[in-house]
Structure formats: structure tokens, C-alpha cells
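Q:
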């Protein structure tokens with residue numbers, strides 16, 4: 001390696017390991033480096049990989065908590081040996097964005113005295129809910145915590161864009177709608193096929209944000225119905241948009257050549 005700035009060159013350095021940051025080869029090289037990650041030998045434990053996220057999960061209602069812990073710990077130890085062999089640094093709390101391992105156990109029988117799982121002698125703390133790949137998972141998969149989180153994020157962006165989306169903005173309705181769809185609706189509906197089945201009352205909290213945008217963007221009087229505002233802006237309701245997105249997703253997944261993607 002020989003870094004250069006204009007006409008000045010540094011001394012030569014030998015690249016012993018690593019992946020070039022930002023290069024087009026980075027995803028391919030990463031896949032090659034992690035292709036031999038060991039699959040769990042324990043029956044029922046599954047390994048899921050996405051980019052630099054690694055997840056182990058196991059579910060069996062007919063097994064005791066102790067058996068579940070032992071099964072998961074065995075799979076974690078196997079994965080830990082591979083991490084140690086290839087000198088991959090792992091943070092069990094998943095607070096760092098590189099080569100991190102996320103191992104969580106959700107059980108209705110989990111109590112305060114339940115033993116902790118360990119990764120490379122580091123304790124993995126129990127979680128009531130956990131954010132995985134941008135989606136907050138809770139014990140019962142009601143997704144109330146996730147909806148509340150994305151709602152607060154959407155309100156933050158809406159406040160920052162208020163000058164462009166508000167009643168006094170000089171932008172056209174078309175441009176306001178485009179900004180809303182790109183910057184706010186995408187935040188609320190990210191991974192919508194996962195939580196589109198949530199309770200209507202919970203999803204309505206997201207619809208309220210869209211209703212307020214429609215009224216401000218059109219400078220409409222309070223007596224104008226929300227359905228008319230949605231018609232004028234050519235916007236589907238949040239619930240309908242999420243259901244349509246879910247249908248498209250599962251239609252594509254059902255005919256995908258990859259068996260795990262099809263759910264087979």
C-alpha cells in the first residue's frame with residue numbers, strides 16, 4: 001500500500017489482512033471470508049447471517065428452559081471457537097457495528113434467577129425486547145415497541161422538514177408528497193411485512209402522522225375529511241400501503257428459487 005496525496009507519497013506499507021473499505025469487492029470478500037462459518041450441530045438450532053449480523057435461534061415448546069439453555073450454549077461455544085480461530089472480535093451486547101454476534105433467548109418462563117448464556121466467557125444479558133435488523137422484537141410479537149420507536153423517529157423527521165411540508169411552504173403538493181414518501185413514510189413502513197399484522201389500534205398511531213401531513217400539506221380546513229385529503233394527494237392509508245407491500249413481498253418470496261426464502 002502506498003497512500004498518495006497530490007504529489008506526496010508515504011512510505012510503503014504491507015497489507016497483511018483486511019477488506020478494502022468502500023470498494024466494490026467488499027461484499028464479495030466478506031461473503032468469502034464468512035462462508036465457512038460453522039452450522040450448529042445441535043438439533044433445532046438455526047444460524048441466520050445477514051451482512052455482519054449473526055443470529056442463533058432455537059424454539060421448542062416441549063423443552064424445558066434448562067434444556068433450551070444447554071442447547072443454545074453448545075451452539076454458541078461452537079461459533080465462539082470459529083470466532084477465536086479467525087480472530088473476529090465479538091461484542092455480546094451488540095453495541096459495535098462490526099463482526100458482532102446477537103444471541104437472545106425469549107421465553108415466558110424466563111425468571112431473574114435464570115442462568116445467562118455466554119459468548120467467549122462474556123455474559124449475554126437477557127432482553128425483554130431487542131432491535132434486530134431495524135425491527136424491535138418483543139416477547140409476544142405485538143410490535144408495540146417497534147411502532148412507538150418508528151413513530152418517534154418519523155415525528156422527528158417531520159418536525160425537521162416542517163418548513164417544506166407545512167401550510168406556508170411554497171412547494172407544490174406533488175413535491176411535498178414526494179418528500180413525505182421518501183423521508184417519513186419509509187421510516188414508518190420499513191420492514192412492514194413483519195409487523196403489518198399488528199393491532200389496528202397500534203398502527204393507527206402511524207396513520208395519525210400521515211393524516212397531519214395531509215392536512216398541513218394541503219392547507220385544509222379542520223372540517224375536511226381525511227379520506228378526501230388522501231384522495232387529493234393520491235396517498236393510500238398506512239394500513240393499505242403495508243398490506244399491499246406485504247402481498248408483493250410474499251408473492252415474490254413464494255416463487256423465489258432459494259428454498260429458505262420460500263419458507264420451504
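Residue numbers (the UniProt record's numbering): 1 to 264. Even for Gly, the Cβ is constructed at its ideal location relative to N, Cα and C. Please read these numbers as outputs of a predicted model, since none were measured by experiment.
Helix, strand or coil for residue 131 per DSSP?
A: Of the three classes helix, strand and coil, the one that applies to residue 131 here is strand, per DSSP.
Q: So for residue 177, helix, strand or coil by DSSP?
A: Looking at residue 177 - three-state DSSP - the assignment turns out to be helix.
Q: Kindly indicate the opening and closing residues of the beta strand (DSSP E) around residue 54.
A: Taken as a continuous stretch (DSSP letters only), the beta strand (DSSP E) holding residue 54 covers 53–57.
Q: Secondary structure at residue 24, three-state DSSP: helix, strand or coil?
A: Correct three-state label for residue 24: coil.
Q: Would you call the CB atoms of residue 45 and residue 58 closer than 7 angstroms?
A: It is a contact, given that the beta carbons lie within the stated cut-off.
Q: Which two residues bound the contiguous beta strand (DSSP E) that contains residue 228?
A: Unbroken run through residue 228 is the alpha helix (DSSP H), 226–233; no beta strand (DSSP E).
Q: If you drop the 5 nearest sequence neighbours on each side, which residues of the same chain put their C-beta closer than 6 angstroms to that of residue 7?
A: Taken in chain order, the list of residues that qualify is empty.
Q: Would you decide whether residue 158 is buried or exposed? Buried here means 16 or more other CB atoms lie within 10 Å of its CB.
A: It is buried - the Cβ of residue 158 has at least 16 other Cβ atoms within 10 Å.
Q: Residues bridged to residue 4 by DSSP?
A: 9, per the DSSP bridge assignment.
Q: Between residue 256 and the rest of its own chain, which residues show a CB-CB distance below 6 angstroms, the 5 nearest in sequence each way excluded?
A: So the qualifying residues of the chain are 262.
Q: Apart from the five residues just before and just after residue 97, which ones in its own chain have a Cβ nearer than 6 angstroms to its Cβ?
A: Residue placement at residue 97 cannot be trusted, given a pLDDT of 27 that sits under 50; what the coordinates show is reported in the next sentence. Same-chain partners within the cutoff: there are none.
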